Amino acid sequence: MGMTTENHVHDACAVTSERKSHHSDKTKSNLISRLNRIEGQIRGVKGLIEKDTYCDDVLNQISSIQSALNGVSKLLLEHHMKSCVVERLQEGDDEVITELLTTMNKLMK
40 MGMTTENHVH DACAVTSERK SHHSDKTKSN LISRLNRIEG QIRGVKGLIE KDTYCDDVLN
100 QISSIQSALN GVSKLLLEHH MKSCVVERLQ EGDDEVITEL LTTMNKLMK
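FYI, in the numbering used here the residues of the sequence shown are 40 to 148.
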């Protein structure tokens with residue numbers, strides 16, 4: 040494509056309908072691994088409900104899933120702040136702060 044890494048990063052963080060992340064392979068692998076584990080936990084909860092498992096036990100499993108999802112969110116937020124947010128601020132795009140605050144408010148509900 041003839042695009043330099045710097046342009047690719049800029050394009051990844053630019054405010055367009057085509058915005059994309061630019062996570063390292065290690066980060067992607069970590070996120071996918073965590074999500075696969077969560078997916079398995081959710082299937083497990085479905086099984087517990089199908090087996091009429093005691094509600095408290097099911098709720099404890101759900102709590103564990105929520106905690107795992109929070110971990111994924113924290114990791115994504117950290118990488119977003121260290122990459123896209125910093126880059127957009129350096130480009131003079133202060134709107135990224137409003138976007139970040141909106142996202143953080145959603146995460147903290």
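C-beta atoms are modelled at their ideal positions from N, C-alpha and C, and glycine is treated no differently. Owing to the predicted nature of the structure, the values given are computational and were not obtained by experimental measurement.
If you follow the alpha helix (DSSP H) that Lys59 is in, where does it begin and where does it stop? As a working note, residue 59 is residue 20 in the sequence shown. Premise fails: Lys59 is in no alpha helix (DSSP H) and is neither H nor E.
Backbone CA spacing between Ile155 and Glu57 [nearest angstrom]: Outside the modelled stretch of the chain, which goes from 40 to 148, sits residue 155, for which no answer is possible.
Within the same chain, show all residues whose beta-carbon is closer than 7 Å to that of Gly83, passing over the 5 residues directly before and after it, in chain order. Along the sequence shown, read from residue 1 onward, the residue named residue 83 stands at position 44. So the qualifying residues of the chain are Gln100.
Identify whether Thr92 lies in helix, strand or coil by the three-state DSSP scheme. In the sequence shown, counting from the first residue as 1, residue 92 sits at position 53. In the structure shown, Thr92 sits in coil (DSSP, three-state: anything other than H, G, I, E or B).
The alpha helix (DSSP H) spanning Met143 covers which residue range? In the sequence shown, counting from the first residue as 1, residue 143 sits at position 104. Note, Met143: alpha helix (DSSP H), Glu134 to Leu146.
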